[in-house]
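Reminder that position 32 of the sequence shown reads as 32 in our numbering, one-by-one numbering, no gaps. The C-beta atom is built at its ideal place from N, Cα and C for all residues, glycine as well. The next block holds one structure in the form of structure tokens; read it before the comments.
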Amino acid sequence: MSESNPSKPSEEQAEQQAEEQSYGKARQMLGMKGASTGETSVWKIRLQLMKPITWIPLIWGVVCGAASSGDFHWQVEDIIKVATCMLLSGPMMTGYTQTLNDFYDREIDAINEPYRPIPSGAITVPQVVTQIIVLLVAGFGLAYALDVWGGNEFPKITIITLIGAFLAFIYSAPPLKLKQNGWLGNYALGASYIALPWWAGHSLFGDLNWTIIILTLIYSFAGLGIAVVNDFKSVEGDRSLGLKSLPVMFGVGGAAWISVLMIDTFQIGIAGYLISLNENLYATILLLLVIPQITFQDMYFLRSPLENDVKYQASAQPFLVLGMLVAGLAFGHAGI
1 MSESNPSKPS EEQAEQQAEE QSYGKARQML GMKGASTGET SVWKIRLQLM KPITWIPLIW
61 GVVCGAASSG DFHWQVEDII KVATCMLLSG PMMTGYTQTL NDFYDREIDA INEPYRPIPS
121 GAITVPQVVT QIIVLLVAGF GLAYALDVWG GNEFPKITII TLIGAFLAFI YSAPPLKLKQ
181 NGWLGNYALG ASYIALPWWA GHSLFGDLNW TIIILTLIYS FAGLGIAVVN DFKSVEGDRS
241 LGLKSLPVMF GVGGAAWISV LMIDTFQIGI AGYLISLNEN LYATILLLLV IPQITFQDMY
301 FLRSPLENDV KYQASAQPFL VLGMLVAGLA FGHAGI
């Protein structure tokens, strides 16, 4: 009769716990849900408040804007300009926005997510206020430097940064607090993710005209649809707090259809506009990128929005962001 090895299960369990702890810490550093708690380093906590995972869409928006300018060249100076604008859109202004949002949500988080950095006491309110001010001032300084570097007589990038800072404030802060309304709050997010960084990237190399402004504001309605997807994970909490998110107002099924229709309709609309410009190749590529999104909407999201929201985002959103770049390249090629 063989003897069991009591140390083996404990070793496997220890390895699993170590992996989970490492994974949790990584999620904490990125500002994602499911993060570890109990971090004591104030600088790691500051980074957590800035939610690096949320920087990615705005960094990508800068790339799309640079492409739409039609005057970006693969040379060292232009690449450094784009990288600097990414620093502005991502760590500076998105970091400011996320920290500001956590600051104004600290009382709600104390009830729903007491382990968050501010309600848990891991960082003090004065420290958070200081972080907000430093990020905002640094953002304006960097924006002005980009205007000077780009030779902009009118400080376009500084004005765009001011618009973004104001939009972030009225999104999170009373009395307006746009996030309380599903339509206004989600469109503000969509415009922040698509239009604003696009304008900044475009302004680095070209003249930001009304055509680009209007087209990207239209494209931002697809961003509204993406923002709605994020509301499903908190539908019960939103309902109990009286927040008028779209899943609360229209029900889970209705909001899911609103989300996919916004995402698909406005991408197809942009493709139609490209056809009117005789940019048929770019329009075709954009339409082909919409097809897998519709497929994943049917496979995952529309069938079970609450269970499949994350799976749907991971599957479909890469095609949406690639479509943004295709549109940017088309605008640049058309000389808009």
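Check                                                                                                                                                   : Outcome
Assuming contact is defined by CB atoms lying nearer than 7 Å, are Arg46 and Gln98 in contact in what I supplied?                                       : no
Any chance you could list the alpha helix (DSSP H) runs of at least 4 consecutive residues sitting entirely within the segment 168-239, in chain order? : 182-193, 195-205, 210-229
By the 10 Å Cβ neighbour count, where 16 or more other Cβ atoms means buried, how is Tyr115 classified, buried or exposed?                              : exposed
Once you ignore the five residues that flank Ser2 on each side, which residues in its own chain have a CB closer than 6 Å to its CB?                    : The predicted model places Ser2 with a pLDDT of 48, which falls under 50 and marks its position as unreliable; any figure quoted below should be read in that light. Excluding positions up to five away in sequence, the list is empty.
If you drop the 5 nearest sequence neighbours on each side, which residues of the same chain put their C-beta closer than 6 Å to that of Tyr23?         : In this predicted model, Tyr23 has a pLDDT of only 49, less than 50, meaning its place in the structure is not dependable enough to derive any value.
Assuming the contact rule is C-beta atoms closer than 8 Å, Phe250 and Ile258 should be a hit. Round their C-beta distance to whole Å, please.           : 6 Å
Compute the Euclidean distance between the alpha carbons of Gly335 and Ser69, then round it to the nearest angstrom.                                    : 8 Å
Under three-state DSSP, which class holds Lys244?                                                                                                       : strand
Which class does Asp78 belong to by DSSP, given the choice of helix, strand or coil?                                                                    : helix
Assign Gly31 to buried or exposed, taking buried as 16 or more other Cβ atoms, counted over all protein chains shown, within 10 Å of its Cβ.            : Residue placement at Gly31 cannot be trusted, given a pLDDT of 49 that sits under 50; what the coordinates show is reported in the next sentence. Gly31 should be labelled buried.
In angstroms, rounded to a whole number, what distance separates the CA positions of Ala138 and Met92?                                                  : 7 Å
Smallest Cα separation from Val134: which of Thr94, Lys156, Val290?                                                                                     : Thr94
Helix, strand or coil, according to DSSP, for Arg106 in the structure here?                                                                             : helix
Determine the direct distance from the alpha carbon of Leu261 to that of Thr295, and round the result to whole angstroms.                               : 13 Å
Counting pairs of Cβ atoms below 8 Å between the segment 55-73 and the segment 203-215, do you hit three or more?                                       : yes
Alpha carbon to alpha carbon, what distance is there between Val42 and Ile123?                                                                          : 7 Å
Work out the CA separation of Ile212 and Trp199 for me, nearest whole Å.                                                                                : 8 Å
Under 8 Å by Cβ, that's how I've got Tyr104 and Ser192 pegged, so tell me the actual separation to the nearest angstrom.                                : Not quite, the Cβ-Cβ distance comes to about 16 Å (not below 8 Å), so this is no contact.
What's the call for Leu215, buried or exposed, on a 16-neighbour Cβ count within 10 Å?                                                                  : buried
Out of Gly151, Asp231, Val229, Leu162, which has the shortest C-alpha to C-alpha gap to Pro197?                                                         : Leu162
Am I right that Leu287 and Ile268 are in contact with their C-beta atoms under 8 Å? What's the rounded C-beta distance?                                 : 7 Å
Closest to Ala195 by CA distance: which of Lys179, Gly164, Leu146, Trp183 is it?                                                                        : Gly164
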